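Colleague: Just dropping this structure here.
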Amino acid sequence: MTDLPSSARIVVIGGGIVGCSTAYHLAKLGAGEVLLLERGRLTSGSTWHAAGLVGQLRSSANITQLLGDSVKLYKSLEAETGLATGWKMNGGLRLACTEDRWTEVKRQATTARSFGLEMQLLSPKEAQELWPLMSVDDVVGAAFLPTDGQASPSDITQALARGARQGGVRIVEETGVTGVEVEGGRVVAIATTRGRVACEKLVICAGLWSREIGALAGVNIPLVPVQHQYIVTEAIEGVARNLPTLRDPDRLTYYKEEVGGLVMGGYEPNPIPWALDGPPQDFEFQLLGEDWDHFEPMMRLALGRVPALETAGVKQLINGPESFTPDGNFILGEAPETRNVFVGCGFNAFGIAAGGGAGMALAEWVAKGDAPYDLWPVDIRRFGANCRDTAYVRTRTLEAYAKHYAMAWPSEEHASGRPLRRSPLYDRLKAAGAAFGEKLGWERPNWFAGPGEEARDVYSFERPNWFDAVAREHAACRERVALFDQSSFAKFLLVGRDAEKALSWICANDVAKPVGSLTYTQMLNARGGIECDLTVARLAEDRFYIVTGTGFATHDFDWIARNIPADCDAHLIDVTSSRAVLSLFGPRARDVLAAVTRDDVSNEGFPFATCREIAVAGAPTLALRVTYVGELGWELHVPTEFAATAYDALMAAGAAHGIAPAGYRAIETLRLEKGYRAWGSEIGPDHTPQMAGLGWAVKLKSGQPFLGRDALVEKARAPSPRLLAGFTVDDPGVTLLGRETILRDGARVGWLASGGFGHTIGKPIGYGYVRDPAGVDAAHVLSGDYQLEVAGVFVPATPFLKPLYDPAMTRIKA
Ligand SMILES: Cc1cc2nc3c(=O)[nH]c(=O)nc-3n(C[C@H](O)[C@H](O)[C@H](O)COP(=O)(O)OP(=O)(O)OC[C@H]3O[C@@H](n4cnc5c(N)ncnc54)[C@H](O)[C@@H]3O)c2cc1C
Numbered sequence: 001m002t003d004l005p006s007s008a009r010i011v012v013i014g015g016g017i018v019g020c021s022t023a024y025h026l027a028k029l030g031a032g033e034v035l036l037l038e039r040g041r042l043t044s045g046s047t048w049h050a051a052g053l054v055g056q057l058r059s060s061a062n063i064t065q066l067l068g069d070s071v072k073l074y075k076s077l078e079a080e081t082g083l084a085t086g087w088k089m090n091g092g093l094r095l096a097c098t099e100d101r102w103t104e105v106k107r108q109a110t111t112a113r114s115f116g117l118e119m120q121l122l123s124p125k126e127a128q129e130l131w132p133l134m135s136v137d138d139v140v141g142a143a144f145l146p147t148d149g150q151a152s153p154s155d156i157t158q159a160l161a162r163g164a165r166q167g168g169v170r171i172v173e174e175t176g177v178t179g180v181e182v183e184g185g186r187v188v189a190i191a192t193t194r195g196r197v198a199c200e201k202l203v204i205c206a207g208l209w210s211r212e213i214g215a216l217a218g219v220n221i222p223l224v225p226v227q228h229q230y231i232v233t234e235a236i237e238g239v240a241r242n243l244p245t246l247r248d249p250d251r252l253t254y255y256k257e258e259v260g261g262l263v264m265g266g267y268e269p270n271p272i273p274w275a276l277d278g279p280p281q282d283f284e285f286q287l288l289g290e291d292w293d294h295f296e297p298m299m300r301l302a303l304g305r306v307p308a309l310e311t312a313g314v315k316q317l318i319n320g321p322e323s324f325t326p327d328g329n330f331i332l333g334e335a336p337e338t339r340n341v342f343v344g345c346g347f348n349a350f351g352i353a354a355g356g357g358a359g360m361a362l363a364e365w366v367a368k369g370d371a372p373y374d375l376w377p378v379d380i381r382r383f384g385a386n387c388r389d390t391a392y393v394r395t396r397t398l399e400a401y402a403k404h405y406a407m408a409w410p411s412e413e414h415a416s417g418r419p420l421r422r423s424p425l426y427d428r429l430k431a432a433g434a435a436f437g438e439k440l441g442w443e444r445p446n447w448f449a450g451p452g453e454e455a456r457d458v459y460s461f462e463r464p465n466w467f468d469a470v471a472r473e474h475a476a477c478r479e480r481v482a483l484f485d486q487s488s489f490a491k492f493l494l495v496g497r498d499a500e501k502a503l504s505w506i507c508a509n510d511v512a513k514p515v516g517s518l519t520y521t522q523m524l525n526a527r528g529g530i531e532c533d534l535t536v537a538r539l540a541e542d543r544f545y546i547v548t549g550t551g552f553a554t555h556d557f558d559w560i561a562r563n564i565p566a567d568c569d570a571h572l573i574d575v576t577s578s579r580a581v582l583s584l585f586g587p588r589a590r591d592v593l594a595a596v597t598r599d600d601v602s603n604e605g606f607p608f609a610t611c612r613e614i615a616v617a618g619a620p621t622l623a624l625r626v627t628y629v630g631e632l633g634w635e636l637h638v639p640t641e642f643a644a645t646a647y648d649a650l651m652a653a654g655a656a657h658g659i660a661p662a663g664y665r666a667i668e669t670l671r672l673e674k675g676y677r678a679w680g681s682e683i684g685p686d687h688t689p690q691m692a693g694l695g696w697a698v699k700l701k702s703g704q705p706f707l708g709r710d711a712l713v714e715k716a717r718a719p720s721p722r723l724l725a726g727f728t729v730d731d732p733g734v735t736l737l738g739r740e741t742i743l744r745d746g747a748r749v750g751w752l753a754s755g756g757f758g759h760t761i762g763k764p765i766g767y768g769y770v771r772d773p774a775g776v777d778a779a780h781v782l783s784g785d786y787q788l789e790v791a792g793v794f795v796p797a798t799p800f801l802k803p804l805y806d807p808a809m810t811r812i813k814a
């Protein structure tokens with residue numbers, strides 16, 4: 001047995017594909033002493049029994065790029081290490097059997113092309129030529145990704161392990177991690193079955209077991225094991241070695257060639273969770289019992305596609321456990337709870353496809369302290385307090401598993417585990433016809449059904465059933481006044497003697513303003529990229545109130561907390577639950593507010609970008625004069641127990657002014673017209689404020705130091721390779737959803753980060769970056785002749801850089 005060192009700079013737990021890939025890339029980065037510990041033998045968890053399909057296309061450009069990095073690595077790994085990997089780039093086919101699915105596939109092909117992946121659209125006959133064994137009677141069309149492929153999961157992992165060893169990584173098998181020592185909020189050592197190992201950094205790549213190991217370090221990792229099955233057949237005549245992989249989502253199944261036969265697996269709509277009390281510690285190179293009853297519906301669906309399966313001999317039905325997550329994406333990054341504990345797990349049955357790229361990204365994160373690029377869709381900080389409970393995680397995860405091959409509808413909401421977090425206004429809003437959406441467990445009104453309408457989403461790639469309702473709310477806000485329940489906003493207090501100093505360092509905008517000031521600001525990473533986009537209210541010399549988006553609660557808290565300089569007396573406290581938020585927006589907002597308060601809410605008495613305590617119908621309220629919709633208005637932050645009283649009073653006073661309750665989908669259409677950016681859509685860690693047209697909110701000229709400043713100064717020396725632009729389409733019947741390709745003078749220059757409809761201007765609106773390595777400025781953007789590719793159709797588009805709708809500014813100043 002290999003000796004166990006008493007210390008290592010970095011310990012990686014888990015010898016599956018992800019742990020081995022991370023160790024391999026840490027070695028490449030020269031990250032110092034790396035020790036990989038595997039409780040059993042390498043590959044003995046989920047990796048050895050994976051089917052080995054390697055697909056690349058995802059709905060995020062960066063995750064697609066990450067999967068593309070896997071492919072690049074798998075292509076060269078055998079030559080580098082001398083170990084066979086079974087890598088074959090035989091391409092991947094995806095079938096569409098309904099018109100809606102065909103629209104989805106066409107939109108995916110547009111997305112692929114936006115992201116630089118070739119994806120061809122084929123007729124059923126052309127698809128059949130590539131996959132002669134299949135019947136195509138019900139096929140409407142297909143897509144082919146020539147660079148997809150398949151690999152031997154164990155062989156790839158062993159090759160990565162060899163590459164890691166060659167780079168100096170110590171791999172020790174048959175050594176289980178049994179404890180994690182944390183001191184002062186940081187990991188300092190681990191306990192193993194063979195003794196203690198001191199370490200500076202810990203990387204948890206323990207597959208199904210990661211949740212339990214995370215708990216040892218005080219880290220919440222929301223994943224649960226679920227059974228997943230596939231069959232392996234004997235050789236079938238006509239199955240060629242170069243047969244592409246095949247995904248048949250309408251029949252819930254996938255296929256690949258294996259030794260002249262087929263592997264066929266599927267995603268059952270009624271998945272079976274495994275190991276409810278945590279996976280056993282001695283589960284090594286084991287499978288679960290064959291469950292033919294459960295697999296039979298998959299088999300029947302597959303027979304309709306591949307009639308040859310009827311007579312093919314089945315060698316084995318593999319039933320293996322795999323870790324799945326509540327949103328179907330894997331989990332990467334540094335845990336917010338404990339410093340220097342990193343996570344790479346929850347691969348939702350695409351760990352072989354993702355392993356190469358995820359290991360690369362995670363290794364950089366570990367070695368350099370920052371992700372190589374924006375990885376928000378897989379960032380561990382995308383989860384919230386709702387995901388601490390395993391039963392909830394399991395419920396939502398089973399829904400995600402069951403929907404693996406379901407249509408991915410625009411704006412689709414999860415159905416399970418609801419309602420969980422409710423604002424005090426929930427029942428009132430429901431009675432008023434709210435159709436709710438969910439974020440981080442919060443129920444939030446998306447739109448309000450009118451008389452004769454049902455408060456239920458009916459999804460579509462064209463105009464959805466809530467279009468008219470949102471148009472009504474949008475008009476109410478623009479023309480009269482609307483009341484939005486935004487209680488789910490994340491809210492933090494930063495308190496302490498040095499709160500101003502700390503926040504001045506973390507914020508790109510100037511927040512060192514008088515008490516009562518309100519500042520919209522970004523927080524930047526060392527690359528000058530936007531990590532947070534939020535509002536800061538100064539309540540006192542030593543007290544700031546920070547408001548950010550619901551979904552960013554964990555991420556933004558972590559970002560602020562970890563960047564408070566060590567010598568500062570400044571403490572961050574999450575106060576989200578203490579206040580409900582009633583956002584009163586619209587030209588009549590002042591009239592309504594004035595009717596329920598004795599405080600001065602005139603423009604002189606309560607100017608834009610200020611905040612103050614006022615009384616609203618007896619509720620002590622922190623009022624923030626701010627807007628995300630381009631109208632006069634206030635966010636009223638009301639202690640939770642006063643919320644219902646304040647809401648009733650505002651609605652009653654608003655009746656004379658035509659007030660309407662309104663939801664998040666109207667906020668979206670309103671902000672698209674006003675040009676406000678949304679983090680996670682148009683802005684994120686890869687975009688500087690300058691690229692995003694937010695340079696006006698950065699205190700560069702002040703000379704004050706702040707995080708990310710040096711990078712901005714450096715970047716300003718060269719022309720920006722991209723600039724955020726808005727686009728409108730004249731045809732109101734075009735549906736923009738985001739990811740449509742942007743063509744400038746016939747050349748692909750980017751894709752839409754977001755899309756929607758502007759009900760006041762009566763046109764579809766999209767935002768996306770126009771790219772050109774030689775540099776992009778406003779003149780370049782505005783001088784082009786543009787088209788957008790929407791589900792394969794090219795539509796003329798007009799670029800813009802200024803808000804489409806701004807008369808509110810004159811009202812606000814009036
Ligand atoms: C039936 C099936 C088919 C699949 N098909 C595909 C496919 O076609 N394509 C694809 O991309 N993916 C597929 N997958 C998914 C793929 O297998 C996984 O995503 C991938 O193997 C996950 O790798 P991992 O390294 O995260 O986890 P694992 O391979 O499970 O590795 C984790 C390792 O951690 C070790 N460990 C656990 N606890 C400890 C401890 N306390 N101390 C030390 N070591 C510990 C375990 O022993 C294990 O070896 C499939 C999965 C299943 C179940």
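Here the sequence shown is numbered in UniProt numbering, starting from 1 and rising by one per residue. Ideal Cβ positions, reconstructed from N, Cα and C, are used throughout, including at glycine. The structure displayed is predicted, hence computed values, not measured ones.
1. Taking 8 Å as the cut-off, does the CB of F436 come closer than this to any heavy atom belonging to ligand 1?
2. Do the CB positions of R305 and R94 come within less than 9 Å of each other?
3. Judging by CA-CA distance, which residue of G82, T81 and G91 is the nearest neighbour of V71?
4. Go ahead and pull the three-state DSSP assignment for V713.
5. Using the rule of at least 16 other Cβ atoms within 10 Å of the residue's Cβ for burial, across every protein chain shown, is G313 buried or exposed?
6. For H228, is the beta carbon positioned less than 8 Å from some heavy atom of ligand 1?
7. Let me know the secondary structure DSSP gives F467 once reduced to three states.
8. Can you have a look at Q704 and say buried or exposed, based on whether 16 or more other CB atoms are within 10 angstroms of its CB?
9. Between L73 and the rest of its own chain, which residues show a CB-CB distance below 6 Å, the 5 nearest in sequence each way excluded?
10. Is the beta carbon of A482 less than 9 Å from the beta carbon of A23?
11. Is it true that the segment 502-514 meets the segment 663-681, where meeting means three or more beta-carbon pairs spaced less than 8 Å apart?
12. Which residues does DSSP list as the beta-bridge partners of H637?
13. Under 7 Å Cβ to Cβ from L524, same chain only, skipping five residues before and after it: list those, please.
14. Which value, in whole angstroms, describes the spacing of the CA atoms of P377 and I331?
15. Does the structure place the segment 558-576 close enough to the segment 485-494 that three or more beta carbon pairs sit under 8 Å?
16. Roughly how many angstroms lie between the CA atoms of A385 and E453, to the nearest whole one?
17. Pull the bridge partners of W559 from the DSSP assignment, please.
18. Three Cβ pairs or more, each shorter than 8 Å: is that satisfied between the segment 658-672 and the segment 443-459?
19. When the distance is taken between beta carbons, is G792 closer than 9 Å to A112?
20. Going by DSSP, what residues sit across from I10 in a beta bridge?
21. Cα separation between A159 and L83?
22. Going by DSSP in three states, S152 sits in which element: helix, strand or coil?
23. Counting contacts by CB-CB distance shorter than 9 Å, is P705 in contact with chain C?
24. For S21, does the three-state DSSP call read helix, strand or coil?
25. With respect to 8 Å, is the separation between the Cβ of W376 and the closest non-hydrogen atom of ligand 3 below this value?
26. Which class does H404 belong to by DSSP, given the choice of helix, strand or coil?
27. Could you tell me which of E322, R612, R194 and H474 sits nearest to H759, measuring between CA atoms?
28. For L4 and M360, what's the separation of their Cα atoms in angstroms?
29. Y628 by DSSP, collapsed to three states: which one?
30. For A615, collect the residues of the same chain with a Cβ closer than 8 Å to its Cβ; drop the 5 residues on either side in sequence, then sort them by chain order.
31. What is the residue span of the alpha helix (DSSP H) that H294 lies within?
32. Specify the secondary structure class of D3 as computed by DSSP and reduced to three states.
33. Hey, would you say the C-beta of F800 is under 8 Å away from at least one heavy atom of ligand 1?
34. Does ligand 1 have even one heavy atom less than 8 Å from the beta-carbon of R205?
35. How should V515 be labelled, buried or exposed, when 16 other C-beta atoms within 10 angstroms of its C-beta is the threshold for buried?
36. Under 6 Å Cβ to Cβ from G768, same chain only, skipping five residues before and after it: list those, please.
Modeller: Looking at the coordinates:
1. Checking the Cβ of F436 against ligand 1 gives no.
2. Taking 9 Å as the Cβ cut-off, R305 and R94 do not qualify as a contacting pair.
3. G91
4. helix
5. exposed
6. yes
7. helix
8. exposed
9. G356
10. no
11. no
12. H637 has V581 and L622 as its beta-bridge partners, per DSSP.
13. A508, I530, E531, L707 and G708
14. 9 Å
15. Under the 8 Å Cβ criterion, the segment 485-494 counts as touching the segment 558-576, having at least three qualifying pairs.
16. 34 Å
17. W559 is bridged by DSSP to nothing; it lacks a bridge partner.
18. Result yes; three or more Cβ-Cβ pairs closer than 8 Å.
19. The Cβ atoms of A112 and G792 do not sit closer than 9 Å to each other.
20. V34 and K201
21. 5 Å
22. S152: coil per DSSP, three-state reduction.
23. Looking for chain C here will not work: only one protein chain is present.
24. helix
25. This structure lacks ligand 3; the ligands present are ligand 1.
26. Assignment of H404 by DSSP, reduced to helix, strand and coil, places it in the coil class.
27. H474
28. 25 Å
29. coil
30. T597, R598, D599 and T621
31. H294 -> alpha helix (DSSP H) spans W292 to R305.
32. coil
33. no
34. A quick correction: the sequence has Cys, not Arg, at residue 205. Flag set: Cβ of C205 near ligand 1.
35. exposed
36. I742, G750, W751, L752 and A753
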